Structure formats: structure tokens, C-alpha cells
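Numbering (the numbering used here), first residue to last: 1 to 327.
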């Protein structure tokens with residue numbers, strides 16, 4: 001977990017008086033060039049804070065869209081940590097966790113909007129269930145459908161190989177367990193887009209794994225919670241709208257590569273070095289050639305432009321550097 005120097009004032013406009021009254025929930029939001037979404041997200045949290053002691057911690061990963069100044073001016077009550085570089089989702093959340101003062105902590109993506117009484121529903125559930133580890137809401141997309149990431153099984157080695165290495169047309173080889181999204185219950189993992197737990201418990205786990213570059217850190221954290229003896233819960237009565245991936249879509253090649261790297265780290269942590277080695281070998285012998293061939297075919301067929309082929313080449317280069325340094 002990231003260590004933040006002990007200080008009464010962090011970067012931003014909010015002081016932290018040591019004697020402040022009890023805070024029930026700390027809401028931690030990590031942002032990177034999603035100012036407009038972040039503003040609406042903060043507003044949705046504030047609408048639910050009447051009579052409910054919360055704090056909002058925004059950790060900005062060196063945005064270039066004026067996020068820092070916007071938050072300072074528009075939301076003076078928000079605690080702001082402004083990083084000079086993009087330290088990633090996991091590290092940034094850990095920075096927020098280090099200064100969180102709430103009994104509970106909610107990790108919340110900036111491209112979300114809290115609906116109904118989601119904040120209170122999640123907190124009340126934890127009040128009543130001491131055995132619970134993390135609890136997450138139903139995530140709704142723009143189409144009104146429930147997003148599968150809000151309640152899912154742990155990633156198996158077979159699933160990792162099929163979903164990230166084999167062509168999409170072969171993805172049907174893996175049949176994940178069916179999840180009932182209408183019923184509250186204990187699940188393996190929930191989504192890092194909105195997940196709440198006791199602050200002390202999250203700290204006891206060490207926070208998010210800093211080795212994760214993009215995705216997988218939430219499943220890993222849920223996996224460690226499960227191994228500690230706690231149960232993770234899905235609550236469909238708490239609803240959150242999720243635009244999905246607004247930071248990630250800004251550079252698709254970087255994101256896609258980081259997904260593979262993070263999947264490797266997850267397999268290493270949960271399945272051991274042997275299977276992690278097999279996965280890594282499969283990426284270089286299968287994924288890199290597939291990336292190039294797929295891009296070339298799409299360009300020839302007119303489905304993609306040559307500019308997009310260059311994107312596939314950049315992704316292949318990043319994957320190759322993972323195994324064979326080119327500089």
C-alpha cells in the first residue's frame with residue numbers, strides 16, 4: 001500500500017483536521033483525463049451524503065484536461081491528491097486508502113453515477129454482516145443491462161488462456177458459471193468500479209496489488225479477501241450506472257497490453273509460477289502473431305484503416321518487449 005506523508009494538508013484545497021468527527025464512508029475516486037465524468041460522479045455522491053457522514057478523496061493521475069483545477073474550484077470539500085505522473089489505478093487507490101478516515105471505504109470509478117441509496121445500502125449491509133469482506137452493487141450500462149463484472153467467479157487458468165490468447169471465435173470453449181444478477185448473495189468477485197469494505201480490513205490485506213497495471217486488481221483483492229475467511233457479496237438493490245472504461249479507451253493499445261500483463265500477474269499470484277510461465281509463453285507464441293495477422297486481414301478487407309494496423313503493430317511491439325527488450 002502506498003505511504004502518504006503525515007500531513008494536515010494534502011495537495012488540493014482541503015485541510016484534514018485531526019479531531020474531525022467520525023466519518024462513516026470514505027469514497028475514493030481515481031481519475032485520469034475524465035474531468036466531465038468525474039464532476040458528475042462527485043455530484044451523485046454528494047446527493048446521497050445528507051445526514052450521512054462521508055468524505056470524498058480524489059486521486060488524479062496527472063490529468064492534462066484541467067481536472068485538478070476544476071476539483072479545487074468546484075468541490076472545495078473534496079480531498080484532492082494530485083500526482084505528477086500516472087501511477088496507475090492500483091497505486092492511486094492505495095494513496096487514497098492511506099488517508100481515508102471513514103469506517104468503510106468505497107472505491108468508485110469516475111465514470112459512474114450512484115443511483116437510489118446505493119451508498120447507504122452498501123454501508124448498512126456491512127453494518128449488519130460482520131462476516132462480509134467486500135460488497136458491490138448492480139452495475140448498469142447505457143443499455144440498461146446489468147454488467148457481468150459486478151458479480152463473477154474468480155478467473156480460472158483455462159478461462160485466462162481462452163479469453164486472452166485464443167481468437168474470439170473460439171471463446172465459446174469456456175462456459176463460465178451462470179450468475180443470477182437479480183438475487184443478492186455471496187460471490188467470488190465484484191467489480192472495482194464500485195466496491196466497499198471496512199477500511200481496516202482493506203488495509204489488513206495491503207490494499208490493491210501494485211503489480212497490476214490495468215484490470216485484475218479488483219479480482220485479486222477479492223481473492224485475498226476470500227482467502228482471509230471473509231465472503232464477498234453482490235447486492236442488486238444498490239444500483240450504480242457505469243459508463244465503462246472511459247479512461248481505458250483513451251489508448252486502446254496500451255490498455256489491451258496492460259490487460260495481458262495484469263492477467264499474468266493474477267495467474268502468478270493465484271495459480272503459481274508454472275501456470276504463469278505457460279500463460280506468458282502462450283502470449284508470445286500465439287497472441288503476438290494473432291495480433292499482427294488479425295490487423296493485416298482487417299486492413300486488406302477494408303474493415304480497418306492502415307492507421308489502425310499501426311495500432312496493432314504497436315501492441316505487438318509492447319508484447320514483444322515484455323519478453324525480449326528491444327532497446
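All C-beta atoms in this analysis are idealised placements derived from N, C-alpha and C, irrespective of residue type, glycine included. Because the structure is a prediction, the values reported are computed rather than measured.
- Boundaries around residue 23 are those of the beta strand (DSSP E), 23 to 31, since no alpha helix (DSSP H) includes it.
- Rounded to whole angstroms, the gap between the alpha carbons of residue 272 and residue 283 is 17 Å.
- Straight-line spacing of the CA atoms in residue 319 and residue 277 works out to 15 Å.
- Going by DSSP, residue 69 is part of the alpha helix (DSSP H) stretching over 67 to 74.
- The Cβ neighbour count for residue 321, taken over all protein chains shown within 10 Å, is under 16; the residue is labelled exposed.
- Residue 43 is classed as exposed because its beta carbon has fewer than 16 other beta carbons within 10 Å across all chains shown.
- With a 10 Å radius around the Cβ and a threshold of 16 neighbouring Cβ atoms, residue 289 comes out exposed.
- Using a 10 angstroms sphere on the CB of residue 287, the tally of other CB atoms reaches 16 or more, which defines it as buried.
- For residue 190, the three-state secondary structure derived from DSSP is coil.
- Inter-residue distance for residue 219 and residue 190 is about 7 Å (C-alpha atoms, whole angstroms).
- Between residue 207 and residue 93 the beta-carbon gap is near 7 Å, inside 8 Å, which marks them as a contact.
- In the DSSP assignment, residue 61 falls within the unbroken beta strand (DSSP E) covering 54 to 61.
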